[in-house]
Amino acid sequence: MTLSGFRDYLPGEAAVRQEIVRVFRETCELFGFVPLETPAVERWDILAKDRETLDVIIYNVQGSKEEGDGTKKGLRFDLTVPLSRVVAANPNLPRLFKRYQAGPVWRGERPQAGRYREFIQCDADIVGTRSPVADAELVRLMGRVFERLNIREYLVRINNRKILNGLPELAGFAGEHLPEVLRILDKLEKEGLPRITSALEESQFLSAPAAGRILEVLKVASGREQWLSALRDIFAGSGVAQEGIGELAEMGRMLVESGLPAENWTFDISIVRGLAYYTGPVFETTLLKCPEMGSVCSGGRYDSLTGVFGLNKPATGISLGLDRFYAALDRIQALPAAHAGPAAVVIAVDPGSLAVAGNLAADLRENQVRTTLYPESRVRDGLAYAKAAGARWALILGENEMTQGTVQVKDLATGEQKTVPRAQVGSVVGG
RNA sequence: GUGGAUGUAGCUCAGUUGGUUAGAGCACCAGAUUGUGGAUCUGGGGGUCGUGGGUUCAAGUCCCAUCUUCCACCCCA
Numbered sequence: 026m027t028l029s030g031f032r033d034y035l036p037g038e039a040a041v042r043q044e045i046v047r048v049f050r051e052t053c054e055l056f057g058f059v060p061l062e063t064p065a066v067e068r069w070d071i072l073a074k075d076r077e078t079l080d081v082i083i084y085n086v087q088g089s090k091e092e093g094d095g096t097k098k099g100l101r102f103d104l105t106v107p108l109s110r111v112v113a114a115n116p117n118l119p120r121l122f123k124r125y126q127a128g129p130v131w132r133g134e135r136p137q138a139g140r141y142r143e144f145i146q147c148d149a150d151i152v153g154t155r156s157p158v159a160d161a162e163l164v165r166l167m168g169r170v171f172e173r174l175n176i177r178e179y180l181v182r183i184n185n186r187k188i189l190n191g192l193p194e195l196a197g198f199a200g201e202h203l204p205e206v207l208r209i210l211d212k213l214e215k216e217g218l219p220r221i222t223s224a225l226e227e228s229q230f231l232s233a234p235a236a237g238r239i240l241e242v243l244k245v246a247s248g249r250e251q252w253l254s255a256l257r258d259i260f261a262g263s264g265v266a267q268e269g270i271g272e273l274a275e276m277g278r279m280l281v282e283s284g285l286p287a288e289n290w291t292f293d294i295s296i297v298r299g300l301a302y303y304t305g306p307v308f309e310t311t312l313l314k315c316p317e318m319g320s321v322c323s324g325g326r327y328d329s330l331t332g333v334f335g336l337n338k339p340a341t342g343i344s345l346g347l348d349r350f351y352a353a354l355d356r357i358q359a360l361p362a363a364h365a366g367p368a369a370v371v372i373a374v375d376p377g378s379l380a381v382a383g384n385l386a387a388d389l390r391e392n393q394v395r396t397t398l399y400p401e402s403r404v405r406d407g408l409a410y411a412k413a414a415g416a417r418w419a420l421i422l423g424e425n426e427m428t429q430g431t432v433q434v435k436d437l438a439t440g441e442q443k444t445v446p447r448a449q450v451g452s453v454v455g456g
């Protein structure tokens, strides 16, 4: 029995999860990223550096009696803060640092479907450039991961915090109330424009004209070229917003050139992102067939986070939530196939044949065939194991075969069985 | 963290206003078949009814607590 929000992954599920991570890693390397690994446990002041409110979700780590020091520590709740720490602590890293990392993180929130207390994040980050080209590369990278997993029906929605930062100026409300306003905008997709409209109109922080200006922005909602030009007009007087719009325009051009299909991305003013450290472009990805699972992959630019640790470098990153992604794919029956378990099972008829069977298994493995040597000389059980394990071939040998120098090769998919000379087994099973 | 549902065999579930040794299908195991799985037949094992208390002559059924999973809020992958 596991703790609430913590789970075991039995082989069938674990194999598929690892397959997804494998695709993620390969794609990252194809995009020129290098791996990074950091500890699960971090000093508390590092984790809580950016936001005191995060305290509520950070797991406390008591440490052992033996270690005895009073350092307060906790489990990492994301991979971005540790990355920022590493970057700040290692000034000799390449000026342009592209790293990927897949590993567990912990958050003490109430579990729900696709939402756990321990979950794996697959992160790709680019440190050392302010160019929106980097943000576009991250979106393209994750698009590639989706494509390789045969997921075509997904949508990356992109916004820029700089545009949202122009809202107080545009609508005429105090900047300190922006977080409240953003919380309302964030619910646009979930609750719909009518409810958001009344929420804005009823807000204590907003005058009627202010609410009206915000609604004007909301009506543009999402789009690509038209969206950009509409916002350019609305935010004509705001320098920050214009800067943000310009960055998105460049991102958009790069996405088009990268070959990301137009139906897979859009700009959307209601994408906010809760984490406070975002400063520029932000993105969220949902599976169109499973919108109720929410964002399975998201991220954004955090140009000032490394500064918190003493070395100021711009950075942008994206993160695929493996567990939620898996839960969503499972729900829409789109999980990738995973090859795990033996392709061939070698079965000895009698104890005297086990050694020769072991030798045959070694040969098959030498030929890259995933092979189990059935450890007992019981044909019935060996075949049952082979079937249950999903193996394609059963290779049976006993005294008769040993004297003839042959092996019985049974194709478990068709039930066909034939006598094959020992030397040819590799070509039959391998091909 | 707040509010609300849920929990019976490995899985999906049934179980009548509390009333004898708690059932079904699938799965599993054994035999028919001591060198051949998946079909068929016959037989079989398996549940302290999530856990712990309480009410009652009697609790799967009622009450309380606790845990799990799920839903909403919050937050987010």
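Last residue of the first sequence: number 456 in this note's numbering, and the count goes up by one each step with no gaps.
Even glycine gets a Cβ: it sits at the ideal position worked out from N, Cα and C.
Environment of residue i [buried if 16+ CB atoms lie within 10 Å]
{"i": "Gly191", "result": "buried"}
{"i": "Ala387", "result": "exposed"}
{"i": "Lys187", "result": "buried"}
{"i": "Lys338", "result": "buried"}
{"i": "Ala161", "result": "buried"}
{"i": "Gln146", "result": "buried"}
{"i": "Asp94", "result": "exposed"}
{"i": "Asn289", "result": "buried"}
{"i": "Leu354", "result": "buried"}
{"i": "Ser232", "result": "exposed"}
{"i": "Arg390", "result": "exposed"}
Distance between residue j and residue i (C-alpha atoms, nearest Å)
{"i": "Asn185", "j": "Asp211", "result": "13 Å"}
{"i": "Ile270", "j": "Glu38", "result": "42 Å"}
{"i": "Gly346", "j": "Met279", "result": "25 Å"}
{"i": "Lys97", "j": "Ile83", "result": "12 Å"}
{"i": "Ser320", "j": "Gln137", "result": "14 Å"}
{"i": "Ser329", "j": "Tyr303", "result": "8 Å"}
{"i": "Arg68", "j": "Ile357", "result": "40 Å"}
{"i": "Glu172", "j": "Gly99", "result": "36 Å"}
{"i": "Asn425", "j": "Val404", "result": "14 Å"}
{"i": "Asn175", "j": "Pro361", "result": "8 Å"}
{"i": "Arg50", "j": "Val371", "result": "33 Å"}
{"i": "Ser89", "j": "Asp436", "result": "55 Å"}
{"i": "Ser447", "j": "Arg120", "result": "Sequence check: residue 447 is Arg here, not Ser. Distance between the alpha carbons of Arg447 and Arg120: 58 Å."}
{"i": "Ser223", "j": "Ala113", "result": "45 Å"}
{"i": "Asp375", "j": "Tyr399", "result": "12 Å"}
{"i": "Val170", "j": "Thr331", "result": "27 Å"}
{"i": "Thr493", "j": "Arg417", "result": "This structure cannot settle anything about residue 493, because the visible part of the chain is limited to 26 through 456."}
{"i": "Ser283", "j": "Ile296", "result": "23 Å"}
{"i": "Trp131", "j": "Leu118", "result": "27 Å"}
{"i": "Ile294", "j": "Ser247", "result": "6 Å"}
Close Cβ partners of residue i (< 7 Å) along its chain, the five nearest in sequence each way excluded
{"i": "Tyr34", "result": "Arg42"}
{"i": "Ala149", "result": "Cys53, Phe58, Tyr125, Leu163, Leu166, Gly342, Ile343"}
Sequence-distant residues of its chain with Cβ nearer than 6 Å to residue i (five each side left out)
{"i": "Arg395", "result": "Pro367, Ala368"}
{"i": "Val453", "result": "Val434, Val445"}
{"i": "Ala373", "result": "Leu379, Ala382, Ser402"}
{"i": "Glu134", "result": "Ile82"}
{"i": "Tyr141", "result": "Gly30, Asp348"}
{"i": "Gly110", "result": "The amino acid at residue 110 is misidentified as Gly; the sequence shows Arg. Here the set comprises Ile71, Phe334."}
{"i": "Gly451", "result": "Asn392"}
Nearest residue (CA-CA) to residue i, options the options
{"i": "Asn115", "options": "Val130, Val152, Leu100, Tyr327", "result": "Val152"}
{"i": "Leu243", "options": "Ser228, Glu214, Phe308, Ala261", "result": "Glu214"}
{"i": "Ser323", "options": "Arg142, Leu313, Phe308", "result": "Phe308"}
{"i": "Thr291", "options": "Glu194, Leu253, Cys315, Arg298", "result": "Leu253"}
{"i": "Glu62", "options": "Ala127, Lys74, Leu118, Asp103", "result": "Ala127"}
{"i": "Lys314", "options": "Val86, Thr431, Gly95, Leu180", "result": "Leu180"}
{"i": "Ala266", "options": "Gly248, Ile296, Gly305", "result": "Gly305"}
{"i": "Glu250", "options": "Thr431, Tyr351, Leu354, Glu275", "result": "Glu275"}
{"i": "Gly440", "options": "Gly451, Leu420, Ser228", "result": "Leu420"}
{"i": "Arg155", "options": "Pro316, Gly248, Tyr327, Arg220", "result": "Tyr327"}
{"i": "Val158", "options": "Gly430, Ala340, Ala352", "result": "Ala340"}
{"i": "Gly182", "options": "Glu44, Val86, Gly325", "result": "At residue 182 the sequence reads Arg, which differs from the Gly that was named. Measuring from the Cα of Arg182, the nearest candidate turns out to be Gly325."}
{"i": "Val206", "options": "Ala414, Leu273, Val432, Phe230", "result": "Phe230"}
{"i": "Leu189", "options": "Pro129, Pro219, Leu273, Glu216", "result": "Leu273"}
Sequence-distant residues of its chain with Cβ nearer than 8 Å to residue i (five each side left out)
{"i": "Thr27", "result": "Asp33"}
{"i": "Asp70", "result": "Lys97"}
{"i": "Lys74", "result": "Val106, Val333, Phe334"}
{"i": "Val281", "result": "Ala287"}
{"i": "Arg238", "result": "Leu195, Ala196, Gly197"}
{"i": "Ile259", "result": "Leu195, Glu241, Val242, Val245"}
DSSP beta-bridge partners of residue i
{"i": "Tyr179", "result": "Leu312"}
{"i": "Ile343", "result": "Ala149, Gly324"}
{"i": "Trp418", "result": "Ala369, Asp436"}
{"i": "Lys98", "result": "Arg68, Val86"}
{"i": "Lys215", "result": "Beta-bridge pairing links Lys215 to no other residue."}
{"i": "Tyr125", "result": "Pro60, Ala149"}
Any non-hydrogen atom of the ligand GTP within 7 Å of residue i CB
{"i": "Ala113", "result": "For the ligand GTP, the structure offers nothing, since it holds no ligand at all."}
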